[in-house]
Structure formats: structure tokens, C-alpha cells
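There are 2 protein chains.
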Amino acid sequence: MPRKQLHLNAFLMSTGHHEASWRLPESRAEADSDLEHYKNLARIAERGRLDSLFFADGPVLAGDPGRRPAAKLEPTLLLTALAAVTEHIGLIATASTSYNEPYNLARRFASLDHISGGRAGWNIVTTAGADAARNFGLDDTPLHRDRYRRAAEFVEVSTKLWDSWADDAVVADKEAGVHARADRVRGIAHTGEFFRVDGPLNVQRPPQGYPLLVQAGSSESGKDFAARYAEAVFTAQQTLQEGIAFYADVKGRAEALGRNPDGVKILPGIVPVIGDTEAEARELDAELDRLIVPEYAKRQLAATLGLDPADLHLDRELPDGLPDEDEIEGAKSRYTLVVELARRERLTVRELIGRLGGGRGHRTFAGTAEQVADTIEHWFESGAADGFNIMPAVLPSGLEAFVDRVVPLLQERGLFRTEYTGATLREHYGLPRPANRLFDTVDAGRGHTGIGLAVPAPV
Amino acid sequence: MPRKQLHLNAFLMSTGHHEASWRLPESRAEADSDLEHYKNLARIAERGRLDSLFFADGPVLAGDPGRRPAAKLEPTLLLTALAAVTEHIGLIATASTSYNEPYNLARRFASLDHISGGRAGWNIVTTAGADAARNFGLDDTPLHRDRYRRAAEFVEVSTKLWDSWADDAVVADKEAGVHARADRVRGIAHTGEFFRVDGPLNVQRPPQGYPLLVQAGSSESGKDFAARYAEAVFTAQQTLQEGIAFYADVKGRAEALGRNPDGVKILPGIVPVIGDTEAEARELDAELDRLIVPEYAKRQLAATLGLDPADLHLDRELPDGLPDEDEIEGAKSRYTLVVELARRERLTVRELIGRLGGGRGHRTFAGTAEQVADTIEHWFESGAADGFNIMPAVLPSGLEAFVDRVVPLLQERGLFRTEYTGATLREHYGLPRPANRLFDTVDAGRGHTGIGLAVPAPV
């Protein structure tokens, strides 16, 4: 009997996830605006038969543009450009529910799904940070709980809009002069706490029904949201024990909502630093850490922790008396992860900066291709992961090393596809095409949408 | 001495501008969602060395989806996909200032400009219609004058965001560990009537400085807006006299604001219906009109005029007592154009529907390729146009006929390029790259941005 298959997503980011990667000789100066760079990465990921590639995003210039490439092409456009040079790989973009209108965003993802032939995915984020808020007329971030309520309603509206055309709406009957059947396209008449949207959408139902719904927040609200709506979860887990606990937690919450826990794929991030020997990998990792400019990094760490940079000393541990996660209005789970990492391993600020510089809290693993494959298999078999979010420290070389050296090992072990067998992103992840909630379509026999939309929302 | 060159834009729309075009045997049933259809059109337009191609847009399902293809892929994404299969042609999309946030939209156009190598253009619209408003939590369209004030501020914010990175900001000094110079990227701290935006943008300055700024409203507010901000104007003019008057009017308003009138290109729309003989062209035009379903069309005409469909009788003229343009809160200039056309030619509702079915108020011209070239040359030489917005009644055949039969005549007459000589959309239109208003760059010597931004706004 064939082994259960794991899923691999390539999380791409300019010259790589290590903040100093741009200083390596291989790195292109303007990689962050350079389409050719991303085309090359997309082709490498597809060569490796990866399920998908992914761009994180926020509507703000994040961090100091002196420190590392900080510009980002808007990811729904960038993915559209990459759809043209790939045929199979899924295309996932982060987009914010706090700083978009559902009609516009649902339309962009529907368009990406049509243009790519059913390969679109949406990483749903609520966007923490006052700096982003101040690009949209606000003084500060909306409250964490309000952001999540808005996100839930945003997903409700978006899925209704995607359902506003029945799959069989267009008949194009030239003889009768009827292009679409009037009774198979309809408004959604949504009125809620945050949105009033009449609809229908002005794009036909996406090939996938809905784009794949992804989520990446790991706070309590984030996990509840994931359990209800997400079909794939990107998460940062430093230890196997934490990974197992998170996996069980989210799957259990989904099951409690009546969902099939297999319908939520858990993908922890891993920053693989690959060498011919373990020593070589460790040396590459250390070289990257030496290239970090500590003053820049200290400033960003202070911002994450809500401190003044002057409160942090490079060769001391974090100060005492940091606030609890409950008191944080920003990216709660990231805050906790950083503080716990520092406390658990008693890291100095300088050491913590090194650990965060690689993957911003994701797990860096330096070793041989065999060792990387082993740790992936171990987490997968231990119930900590349905797959991995691959975050190369350096691009393109780190992605090339993963695809050309680690993927073949996973394939040999029967854990990963050797050819694409599906056409759509949902098919790569083994997820169903959602039934249409607004029409009795031919899909209706399949019942549930697969996500938490058929379940009444809690009061 | 070479002749002054005219400019040609291909205005693309599913199966063509004639509302019954989808009923012809050549038309693909799902052209409106089909990327291959648009790729084919983009390649044809580029084969003709056209300056640009263009998609109109609105965030609403406009009209009855039974009547004609009504879905529209989001145009900034569609143009991104078309950038991948073309090398030279400009890529212009409509986007609404009423239903977007400037940070998001400025970023998308900057991204399109980077991805396409400097070929992006933005047709700035304020979006009339209560149906669009009701997709964004409003009961009705904002007032006409408020929409235009918001549009002006939206352009101010967008251009500041594009200027928030100096052209020389990125140094990528690997040795020193400085990616961008801190003093060459800065916030915009915009506070106005409609928007508060801190900036900076998270995309580097576009290759063109700003994407080409296009405008298409012909009301008094529309013409004032065009005179201040637009570098190209799409307009509907039925007669040569009206064309000359509009041309002089907009150029005069631009000059009065201190702009070079050559910096505003006027492009009337023309719906060319081309036959081997004039009789053949007229027969194709008549065949299309016969395919219109009059009940659908009557409903839309009634909506444009703010009437009940029952007030219109197919074989009578428009009723008396229609409101003045001043009383209309929707698309004012379109309203006036329709009413004036009907009154001037004493058209019945059925006849008016035929005239509007082809180009929705734009000028339909049925004739031989020679006759189409003649009328283009005549308008161009008479001071009614700097070029034309080509709106084929049927796609792809109408675009093919124009490119393969009319363009060669214009080239023989020395009126149109035989090869692309510039790399960017601005270069195709002979327009300058705007100086950066926020930084003293190497561009500064060139002075003015070219558009009305250096001129203080009226109180």
C-alpha cells in the first residue's frame, strides 16, 4: 500500500529568508522587484513537483529598507505573472482582511484562479501593526478580536461572492440570445457587522469553487479561525513536542466543529540550510549570522516586543517584566514564540537575533540533505505535520539545494510525488472542490463545502 | 520632415464592443474568462505596433448577464498575464478611486509597471451607479462632485507614494550592509479630506516614474480633472465638429493650468466595422444590430436615462421632459451624449438601441479599410484627435481587420510607426518620465512632472 504523501510549499521571499542573504555574492541587488528572479524560483519549485509556492505580504514597508530588501511586488499580480511560466504548481498569496474590501479581493482571487486554471490560494491574515494601519487612515491597529471577527465575516462574504454564479450559469445560447441563465446568477444581499455587499460578483465561479483557504496565525483566535475556515495552516514550531501539540490542537478544534480533520493540512515552517556535510551546513548558517547588522536587528526585535531599542543589550538576555501575550495587540503568537525561545534557551539578545535572522522564529535546520529529509520524515511520521513550508535561507541556491537534493530522497522513500497527478491546487493537497452554497448544483451531492461555512457561527 | 505621428489604443472587451457580437459563429462562449482569448488579442495588437491596449472596468456585474458576456477578470491581473506574452505594447486598466484605497491601488499599478518593464497605464474613474455602491456598504453613489474631489486627492496620494522611493534609493552595498539609503526612502505623511496615508510605499518607484495617467469622463468635472491630471483622454465624440470642440476645450484647460497641451493626448473612440466594400461593411453592421435582443437593450437604456422601461416605446422617439445633465448624479457625459444623439437624428428607441449597441455611444464607422484610414486621418489632421481608441465591434476578427488592413495604410501615409522605437508606454505616447516631487533626483533638472501636480490646487 502506498505511503501517505506529504505536502511541500515553497515560501519565497526576495533573496531568501535569512535577513543577511542579500549580502552573499550570489544575490541580485534588486531581486525584490525583479520578475526574472521570481520566474526562476517558480520554475525550480515546479521542477521539484512542490504543491505550491507562497508569498507573505502586508500593506506596509515592513522594517528598515536599509537592512534588507524590503519592497514587495503586490503578490496577486506577481503570482499572475508566475502563472504564465508554470503549468502545475499552486500559487498562494497573503492578503489582508483588515485593509481590503471583500468585493475587490474576492474578485482578484477568482481572477487568479481563472487565469491560472485553478491554482490560486489565499493566505488569510488580519495584519497586525500600527504602521500598516497608518496607511489606511487609522491611528492604530484595530483590536485583535475585532480583526478576527472582521476576517470571519470577510471569508463569509467572499465565499458567497464566489458562489454567486452557479457552475452551470453560462449557457451561451447564440440562437436564443441568452448568454447566462438569469436564475443561475444572483445577488448575495449580505448585511453583517462589518460589510454590506449586494453582489453578484462580476467574475464567474472560480475553477476550484473557492481558492484554497490558508491561514497562518497561531494565537487562540488564530487557531479557532484556522479550525473553522482554513484548509492549510502555515505555522512556526520550534520543537517536535510543540509541533505535535499544535497539530493535535488544530485538528481537534476542526473536528469539534464537525469538519474532517484531514481537511486541514498543517505545514510547519522549516529553514533548511543544506551542506555536503553537517559542518559545511553549519558554517554557511554561521556565515549568514555574521552578516547580520546587529543594530538594525535589535531595532526590529524591540518593535516586536514593544520595547525601546535602548532596553535591549546585545550581550544580555531579554529584560524581565515583559507583558503577557494577552496584553499584546499585535502579532500575538509571534510575540510569544520569540519570548519563549529566548527564555527556554537562555539566549542573549545577540544570539536571539541570530536565531531569528534566519527564519524570523521558524525552525532553522542546518545539515546534510539526508538529515533534512530525516527530520521532515520524523515530524511527518510523529504527527506534527502534514507537510512543510520550505523557507530557504538563500534564494535561489537554497531552493535549488532542497529541490535537487532533498526532494529526491523524499521521493525514494515514497513520501512525495514524482509527477503531478492533479490539475488544481486543491487536487495537489487532496482537498475537495467546495459545493456551491447558493445553488443546487451538480456538486450538491458532495454535500459539505469542506470548510466551516456550513456550521452556524458561534454567537 | 516626418509627419506628426498618431497614437492607437486597442480597447478590448470580451467578444467585442457590439453587444450582440457573442452571438456570431466566431465568438467563443466563455471569452470573458478565457486567458487564451485575451493573449491572442494582445499579440494581434502588438503585431500592429499599437501604443497600448486597454480594459474598462467597474466593481459590479454591469448589465444583465443574460444579455451579453458580463463577467470581467480583474484588469490589473489580466494585464499582468498579458505582459508575459508581449514585449512592447502598453497595458492600461481602469480602476476606481471611489472603491479602492490609494495605498493598495498605487501599489498594484507600481507592481504592474515593474513586472511589465514600464508599460502600465491607469484609467482613473470615479465609478457612477448605485449598483456598484451597494457592493461597498453604501446605499447610493457618492455625489458627482464628491467623487471628483476624492479622485483628485487619490491621485495626489498615489503620486506621492510612487515618489516615496528616490530613483537611486537602492544601493545594495553588500560590503557596508546597506541595502537602501535611509535618506532616499521616506514617508509621505499625507492628511487630506478623504485620506490619511503615512507611507512610504512598499514597492520601489515605478520604471516610468508614474504609470501613464488616463481619464475618460467628459462632464465639466471630468474635463477639469483631465486638464489637470490626465496624459491621455479616452472620449466619445459622434461628429467631427464635436471632436474639434472637445479637443480645443481640454487642451485649452490644460494650457490654462500651465501645462504643455501636447502632454494631454486626446483619443476619441471609433468602432470600425470593416468590409471589402462599403456595402459589405454596412451589411455586417446591420447583421449585428439584428442580433440585439431589444428588450434587454431597452432596459439598459432606461437605466441610463433614469426612466422606467415602460416609459420607452421601441418605435417612438424618447419621451419629452428628460432631466438636464445637471440633475444627473451618474455618468453625466454619457447621459448627455445619448440624449443629444437621439434628439439630433430624431431616432426611435429601436434605432437608438442599434446605434448604442455597437459602441455604447462611441462612433461606429462602417466602411472599407481605406475609408476607415481616411476618417482617422481626417480627424487627426482637423485637430479633433491625437489618435484613436480602437473599439472593434467583434473580437478577434475586428481587431485583425484593423491591424492587418487599416494600420498598413496609416503606415504608408507616414502617420503611424512601423516599429516600436521606445521601451515604455510613456515613450510610445511621446510623454516625459515625471520628475520625483519628494526628492532632488537626477531627474530634477527636467523640472515639472508634466501633469498638473506642481500647480497649487484651487481652493
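In the order they appear, the protein sequences are chains A and B. Just so it is clear: in the first sequence, position 393 is 393 by UniProt numbering, and no numbers are missing. Just so it is clear: in the second sequence, position 131 is 131 by UniProt numbering, and no numbers are missing. Where is the CB? At the ideal position from N, CA and C, for every residue including glycine. Computed from a prediction, not measured in an experiment: that's the story for all the values here.
query	result
So, do the stretch 114-128 of chain A and the stretch 420-427 of chain A have three or more beta carbon pairs nearer to each other than 8 Å?	yes
Please give the ranges of any beta strand (DSSP E) in the stretch 305-336 of chain A, keeping only runs that are unbroken, at least 3 residues long and fully inside the region.	none
With three or more C-beta pairs closer than 8 Å as the rule, is the stretch 158-173 of chain B touching the stretch 199-213 of chain B?	yes
In whole angstroms, what separates the C-alpha of VAL273 of chain B from that of VAL403 of chain B?	13 Å
For the stretch 18-29 of chain B, which residues have a beta carbon sitting closer than 9 Å to at least one beta carbon of chain A?	ALA20, TRP22, ARG23, LEU24, PRO25, SER27, ARG28, ALA29
At a CB-CB cut-off below 7 Å, which residues of chain A make contact with PHE439 of chain B?	Those do not exist, as PHE439 of chain B stays about 14 Å from chain A at its closest Cβ, beyond 7 Å.
Whole angstroms is fine: what's the gap from TYR148 of chain B's alpha carbon to ALA133 of chain B's?	15 Å
So, at 7 Å on beta carbons, what are the nonlocal neighbours of ASP249 of chain A in its own chain, with the 5 sequence-adjacent residues on each side left out?	LYS223
Could you pull out every unbroken alpha helix (DSSP H) segment of at least 4 residues lying fully inside the stretch 255-293 of chain B, listed in chain order?	278-290
Where does PHE109 of chain B sit, in a helix, a strand or coil, going by DSSP?	helix
Going by the CB atoms, is the gap between ALA227 of chain A and GLY66 of chain B shorter than 8 Å?	no
Taking buried to mean at least 16 other C-beta atoms within 10 Å of its own C-beta, is ASP276 of chain B buried or exposed?	exposed
May I ask you to list the residues that DSSP assigns as paired with THR159 of chain A?	In the DSSP output, where bridge partners are listed per residue, THR159 of chain A has none listed.
Using a Cβ-Cβ cutoff of less than 8 Å, which residues in the same chain neighbour ASP308 of chain A once the five nearest sequence positions on both sides are dropped?	ALA302
With DSSP run on the structure shown, which of helix, strand or coil describes ASN9 of chain B?	strand
Assign ASN389 of chain A to one of two classes, buried (16 or more other C-beta atoms within 10 Å of its C-beta) or exposed (fewer than that).	buried
Any C-beta of chain A sitting closer than 8 Å to the C-beta of GLN300 of chain B?	no
Name, please, each residue of chain A whose Cβ falls closer than 8 Å to the Cβ of ASP198 of chain B.	ASP131, ARG134, ASN135
For the beta strand (DSSP E) holding ALA366 of chain B, just list the boundary residues, first then last.	363-367
With 8 Å as the threshold, decide whether the Cβ of TYR103 of chain B is near any Cβ in chain A.	yes
Would you say SER33 of chain A lies against chain B (beta-carbon separation less than 8 Å)?	yes
Give the interface partners of ALA254 of chain B over in chain A, defined as CB-CB distance under 7 Å, in chain order.	Residues of chain A passing the Cβ test: none, with the nearest at roughly 31 Å.
Looking at the C-beta of ARG107 of chain B, does it have a partner C-beta in chain A at a distance below 8 Å?	yes
Give, in chain order, every unbroken run of the alpha helix (DSSP H) that is at least 4 residues long and sits entirely within the stretch 38-107 of chain A.	75-83
What three-state label does DSSP hand GLY222 of chain A in the structure shown?	helix
Would you report the Cα separation of GLU412 of chain A and LYS160 of chain A, rounded to the nearest angstrom?	43 Å
Nearest-angstrom Cα distance between LEU395 of chain A and ASN202 of chain B?	20 Å
Near HIS18 of chain A, what residues of its chain come up, given a Cβ to Cβ distance below 7 Å and the 5 sequence neighbours on each side ignored?	LEU288, GLY357, GLY358, ALA393, VAL394
Would you mind sorting GLU175 of chain A into buried or exposed? The rule is 16 or more other CB atoms within 10 Å of its CB.	exposed
Taking Cβ positions, are THR368 of chain B and ALA281 of chain B nearer each other than 8 Å?	yes
Which residues of chain A have a Cβ atom closer than 8 Å to the Cβ of HIS88 of chain B, listed in chain order?	Near HIS88 of chain B there are no residues of chain A at all, since even the closest Cβ is about 16 Å away, more than 8 Å.
Is it true that the stretch 75-84 of chain A meets the stretch 104-117 of chain B, where meeting means three or more beta-carbon pairs spaced less than 8 Å apart?	yes
Per the DSSP calculation, residue 525 of chain A is bridged to which residue(s)?	The structure shown does not extend to residue 525 of chain A, since chain A is modelled only from 1 through 459, so no value can be given for it.
What do you reckon, are the CB atoms on PHE154 of chain B and PRO102 of chain B nearer than 8 Å?	yes
Based on Cα-Cα distance, which residue from B:LEU352, B:ILE376, B:GLY63, B:ILE451 lies nearest to LEU267 of chain B?	B:ILE376
So that I know if they touch, is there some Cβ in chain B lying closer than 8 Å to that of ASN436 of chain A?	no
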